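Colleague:
Residue numbers (this note's numbering), protein chains in the order written: chain E, 1 to 694; chain B, 695 to 779.
Shown next, in the form of structure tokens:
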């Protein structure tokens, strides 16, 4: 199936509509400047702020009720995305999914009203602290299709890669038939909390940022929102929608290196970009433009450059970071920048990498001024704390992605470790040094679950948490308020993000696989399980470590008691596997063992393909299709029949030895129950000899 | 100087959460990063903050910490020469 992008919405420092955003990009007008709406003592720090106060935003949106600024920015961008998609689905009964990444959520309200809470006032804001609540509020204000949003709402919170992960989950829901329309992206407002947090890391430039420049001195924090409307190509065409772009491929990996820094070899970034290319069946040379993560910190830009050079070698496409325009919009960045990529494709230009002047060893050279040229395939990167690295390819051409019915999953093991001496057998003192007691328990539970189930390296680590890492969050928040934003310790901030636990476990176990965290109230676990079940159906993963985490914090419980709620200590780790292997899993399993399912021989003068399987005799003249059918039937334990020969697609290449290399890239098959599945690519690595005896 | 070194060791243990350690466990001349205590970039930021909070020393460039944080002794020497409180 092909996934079409039919709507986009953008809100950032350079515009509150796509038209404004486009104009600013073309004019090379940066939105970095002095803070206006944010009330922080650190006025020396430039920011990429949406130039409206909360009250002004509410006026623009026609909203009166209290809500986090993140929700206001999100509503604005999400409404625009639906508008550009021409969505008139007030009467639609089709399943809709709204997936919106955020980390700040309602932190702006919590920091503004902290003193009020101590006096029992302003309690209507308390509930909005939760990241998932922001998504729920946005969904509620997406009129006219609000009432139909209930089927699926999810809030990925993987720090700065959150919005790209939202888009990936959205695409996966479409591919498994769980949604008909997806609105996905992310939103994030500035807050004193994360401005001070980034400041403790000493990675904020006191001037406007200079991505990829030799003298770059850090990032500028920004805010905004960006969403894409996704639907099947045929659905978009059927309702006469204009297709703006297609989802080409995507991948989420973990750098598994450090809580905040990127590895010197850019391993996670490299794997994410490579994975996206593989899903899209594209070569590096096919990419026309990379919208880099490019935060302008010394570490990110060097690590990302290394990864880009590893991947593209001699075919480096045009690269730029639009964060020089918008600042780093953190959890929103993937959605905002994916939408910017769509604008760039539609209007045939490469956005400039502003303020770049000098290169240094190891750094890529970005595009300094707007370049007008057609863009067929564009790569968008978003990397986050904990090494959560994501990459998305957007294409002007339709790219076929496999689809699959949902599969059953089963829980292999569920582990909780509450005894401190048992914790210490799994977590060394060096590992435990920065962790809160509850973090130590979840790490111990995870390690024990992996050990007992024999799944030492699960393909995915997914965490479900209602409140996130509250102990460190509350420490940082209270210190910040008490000290008037001075002399804050970095560690509590680093460990305040919701994805701390999942990424920490990946770092400690060297797991480069899929890594995500969901924060959706009591539905967080359901979101996590939907994610892994969907990916198992598509063969993207075979096993997953699922974490349930929340930590009880006295100060926050006192606040929550005002609304009759409380936190709980939860640290549970479970291993899930797919009940029945799907065709995709067989394919992936062969790939991982570096084995090919088919070895094919091809005589260019002979109309029929012939082939054999590794270790089996050649069957001259035998039809590849029959062989493929027999093999797959054997492996799956039921009859597999390809619908027709024409549904098999091949890709061929001539090697320097004049061998013809063939790869099956696509095939349709029917199983006994006549459910038609499409399988694509990856299931045959093959070689051909023109001089063969065929 | 020796008094400052002892005080600094206690402050490092507290700031970096070395729960089971005492000042006697830290070798004054051993490297703080890599081998020795095995500190990393987050710890470097914590040490910069410690110098700001306890001794009124502000480092604008985190890279400047590299020379200062070679050992507890180099750190103490830097503090003695630059402290404002």
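From the three backbone atoms N, C-alpha and C, an ideal C-beta is built for every residue, glycine too.
Owing to the predicted nature of the structure, the values given are computational and were not obtained by experimental measurement.
From the beta carbon of residue 739/B, is the nearest beta carbon of chain E less than 7 Å away?
Modeller: Chain E contact via Cβ: present.
Colleague: Quick one: what's got a C-beta closer than 7 Å to residue 538/E's C-beta in the same chain, skipping five residues either side?
Modeller: The residues are 172, 175, 176, 402, 404 and 584.
Colleague: Does chain E have any CB closer than 7 Å to the CB of residue 725/B?
Modeller: False, the Cβ-Cβ gap to chain E never drops below 7 Å.
Colleague: If you measure between the beta carbons of residue 9/E and residue 81/E, is that distance less than 7 Å?
Modeller: Yes, the pair counts as a contact, with Cβ atoms nearer than the cut-off.
Colleague: Below 8 Å on the Cβ atoms is my contact criterion, and I expect residue 545/E with residue 442/E to pass it. Report the Cβ-Cβ distance as a whole number of Å.
Modeller: Not really, about 11 Å apart at Cβ, beyond 8 Å.
Colleague: Given that residue 490/E touches chain B, what residues does it touch there, using C-beta distances under 8 Å?
Modeller: Within 8 Å Cβ-Cβ: 736, 739, 740 and 743.
Colleague: Against residue 835/B, what residues of chain E qualify as contacts under a CB-to-CB distance less than 7 Å, listed in chain order?
Modeller: Chain B is shown only over 695 to 779; residue 835/B falls outside these bounds and no answer can be derived.
Colleague: By the three-class DSSP mapping on this structure, what secondary structure does residue 64/E have?
Modeller: Looking at residue 64/E - three-state DSSP - the assignment turns out to be coil, as it is neither helix nor strand.
Colleague: Quick one: what does DSSP say residue 268/E is sitting in, helix, strand or coil?
Modeller: In the structure shown, residue 268/E sits in a helix (DSSP, three-state: H, G or I).
Colleague: Please state whether DSSP places residue 4/E in a helix, a strand or coil.
Modeller: Reduced to three states, the DSSP call for residue 4/E is strand.
Colleague: Pick from 305/E, 332/E and 487/E: whose alpha carbon is nearest that of residue 319/E?
Modeller: It is 305/E.
Colleague: If we define contact as Cβ-Cβ less than 7 Å, is residue 711/B a contact residue for chain E?
Modeller: Yes, because at least one Cβ of chain E sits closer than 7 Å to the Cβ of residue 711/B.
Colleague: Can you pull the chain E residues whose beta carbon is under 8 Å from the beta carbon of residue 714/B, in chain order?
Modeller: Correct list: 429.
Colleague: Are the beta-carbon atoms belonging to residue 494/E and residue 178/E less than 7 Å from one another?
Modeller: No, Cβ-Cβ distance for residue 494/E and residue 178/E is not below 7 Å.
Colleague: Are residue 340/E and residue 220/E close, meaning C-beta to C-beta below 7 Å?
Modeller: Not a contact, by the Cβ cut-off of 7 Å.
Colleague: If I measure Cβ to Cβ from residue 501/E and keep anything under 8 Å in the same chain, skipping five residues before and after, which residues do I get?
Modeller: The residues are 439, 442, 443, 463, 465, 469, 517, 547 and 549.
Colleague: So with CB distances below 8 Å, who are the chain B contacts of residue 434/E?
Modeller: The contacting residues are 711 and 736.
Colleague: Counting only runs of 4+ residues fully inside the stretch 149-214 of chain E, write out the alpha helix (DSSP H) ranges in chain order.
Modeller: Qualifying alpha helix (DSSP H) stretches, in chain order: 162-175 and 192-200.
Colleague: Within this structure, are the beta carbons of residue 367/E and residue 353/E separated by less than 7 Å?
Modeller: Cβ atoms of residue 367/E and residue 353/E: closer than 7 Å.
Colleague: My output table needs one value for residue 10/E: the three-state DSSP class, helix, strand or coil.
Modeller: Strand at residue 10/E.
Colleague: Helix, strand or coil: which one does DSSP assign to residue 701/E?
Modeller: Outside the modelled stretch of chain E, which goes from 1 to 694, sits residue 701/E, for which no answer is possible.
Colleague: By the three-class DSSP mapping on this structure, what secondary structure does residue 723/B have?
Modeller: Correct three-state label for residue 723/B: coil.
Colleague: Can you tell me which of 347/E, 450/E and 95/E puts its alpha carbon nearest to the alpha carbon of residue 416/E?
Modeller: With distances taken between Cα atoms, residue 416/E lies closest to 450/E.
Colleague: Thinking C-beta only, is residue 77/E closer than 7 Å to residue 11/E?
Modeller: A contact, by the Cβ cut-off of 7 Å.
Colleague: Under 7 Å Cβ to Cβ from residue 351/E, same chain only, skipping five residues before and after it: list those, please.
Modeller: Only 25, 320, 322, 340, 344 and 370 meet the Cβ criterion.
Colleague: Going by DSSP, what residue range makes up the beta strand (DSSP E) through residue 377/E?
Modeller: Residues 377-384.
Colleague: Distance, Cα to Cα, residue 362/E vs residue 514/E?
Modeller: Cα-Cα distance, rounded: 28 Å.
Colleague: Does residue 214/E come within less than 7 Å of chain B when only Cβ atoms are used?
Modeller: Chain B contact via Cβ: absent.
Colleague: On the premise that residue 169/E lies in contact with residue 156/E, defined as a C-beta separation below 8 Å, what is that separation, rounded to the nearest angstrom?
Modeller: That pair is a contact at about 7 Å.
Colleague: What first and last residue would you give for the alpha helix (DSSP H) that runs through residue 140/E?
Modeller: Element bounds for residue 140/E: 131-140.
Colleague: Is the beta carbon of residue 186/E sitting closer than 7 Å to the one on residue 101/E?
Modeller: Yes, these two residues count as a Cβ contact at 7 Å.
Colleague: Does the stretch 248-262 of chain E come within contact of the stretch 298-313 of chain E, defined as at least 3 CB pairs closer than 8 Å?
Modeller: Counting Cβ pairs under 8 Å, three or more are found: they touch.
Colleague: Using three-state DSSP, classify residue 334/E as helix, strand or coil.
Modeller: Helix.
Colleague: Do the CB positions of residue 334/E and residue 164/E come within less than 7 Å of each other?
Modeller: Yes, Cβ-Cβ distance for residue 334/E and residue 164/E is below 7 Å.
Colleague: Work out the CA separation of residue 434/E and residue 728/B for me, nearest whole Å.
Modeller: Roughly 17 Å separates the two Cα atoms.
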